[in-house]
Amino acid sequence: MNILILQASPRANGNTAWMAEEYKKAAEAAGHQVTLVNVSRKKIAGCIACEYCHGKGNGACVQKDDMQELYPLMAEAEVLVLAAPIYYFTLCAQIQAPIQRMYCVNAPQKVKKMALMVSSYSPGVYTGATAEYKDICRYWGAEDSGIVTAKIDEQKTDETRNKIQALVAAL
Ligand SMILES: Cc1cc2nc3c(=O)[nH]c(=O)nc-3n(C[C@H](O)[C@H](O)[C@H](O)COP(=O)(O)O)c2cc1C
588 MNILILQASP
598 RANGNTAWMA
608 EEYKKAAEAA
618 GHQVTLVNVS
628 RKKIAGCIAC
638 EYCHGKGNGA
648 CVQKDDMQEL
658 YPLMAEAEVL
668 VLAAPIYYFT
678 LCAQIQAPIQ
688 RMYCVNAPQK
698 VKKMALMVSS
708 YSPGVYTGAT
718 AEYKDICRYW
728 GAEDSGIVTA
738 KIDEQKTDET
748 RNKIQALVAA
758 L
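In my numbering, the protein residues as written are 588 to 758.
Written as structure tokens, this is what we have:
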């Protein structure tokens, strides 16, 4: 399957980046085609609610920033993986902007499955992130293929790698 991973941590060698790389390795080993995008390195502004896309723009966003590179990747993705650290009890801002900029097309056209990988310091901080993720799965008509979380003592461990490999196996 065509898999798109959006990795949203600004820390290039951080825990979320590690999870995204592990997912990519496992998915490629299983024969999937994988694109990994570090959205934290992209200039992607929040939606400005101008409604250009739903009028004259006919589905195109008026903001010509790096989201323009993501639209074609989102359009082709059959599996969309969100990988993000928890910032203040929710998914970090860097993942929210690309999700919300999908407003112009409403949903990634081909997405069948999604997955979520989240990193945090503390345990028990995933309620908001998982609720948001599950609502998006439902709204985009995608099956939730699973969630992997990694708090401080679970980061970059064999156990977490195994959970990520199980996510890929569940596709
Ligand atoms: C702005 C900011 C807010 C954070 N808020 C939380 C939080 O609410 N709960 C928590 O457990 N960790 C919080 N953390 C810690 C990160 O989630 C944690 O260090 C995570 O592993 C970072 O992932 P990364 O290594 O991929 O960047 C926060 C970190 C930052 C920089």
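Glycine included, each C-beta is placed from N, C-alpha and C at the ideal position.
In this text the structure is predicted, and so the values were computed from the model without any measurement.
Original post:
Going by the beta-carbon positions, is the gap between residue 696 and residue 662 smaller than 8 Å?
Top reply: If you number the sequence shown from 1, residue 696 lands on position 109. If you number the sequence shown from 1, residue 662 lands on position 75. Yes; because the gap between Cβ atoms is below 8 Å, this pair is in contact.
Subject >> Proximity test, residue 603 beta-carbon vs ligand 1 heavy atom, cut-off 7 Å >> reply: What you label residue 603 is simply residue 16 of the sequence shown in a count that begins at 1. Flag set: Cβ of residue 603 near ligand 1.
Subject >> Stretch pair the region 682-697 + the region 645-652: three plus CB contacts closer than 8 Å >> reply: Short answer: they touch.
**OP:** Can you give me the Cβ contacts of residue 741 inside the same chain, cut-off strictly under 7 Å, excluding the 5 residues immediately before and after it?
**Re:** Counting from 1 along the sequence shown, the entry for residue 741 is found at position 154. So the list reads 747, once near-sequence residues are dropped.
Subject >> Cβ shell of residue 629 (< 7 Å), same chain only, five flanking positions each side left out >> reply: On the sequence shown, residue 629 is found 42 positions in, with the first residue counted as 1. 653, listed in sequence order.
**OP:** Can you say whether residue 710 is buried or exposed, counting buried as having 16 or more other CB atoms within 10 angstroms of its CB?
**Re:** In the sequence shown, residue 710 corresponds to position 123, counting from 1. Burial call: exposed.
Subject >> Any non-hydrogen atom of ligand 1 closer than 7 Å to residue 681 Cβ >> reply: Here residue 681 refers to the residue found at position 94 of the sequence shown. Residue side-chain check: residue 681 keeps its Cβ at 7 Å or more from all non-hydrogen atoms of ligand 1.
Original post:
From residue 678 to residue 642, what distance separates their C-alpha atoms?
Top reply: For the purposes of this step, residue 678 is taken as the residue at position 91 of the sequence shown. For the purposes of this step, residue 642 is taken as the residue at position 55 of the sequence shown. Roughly 30 Å separates the two Cα atoms.
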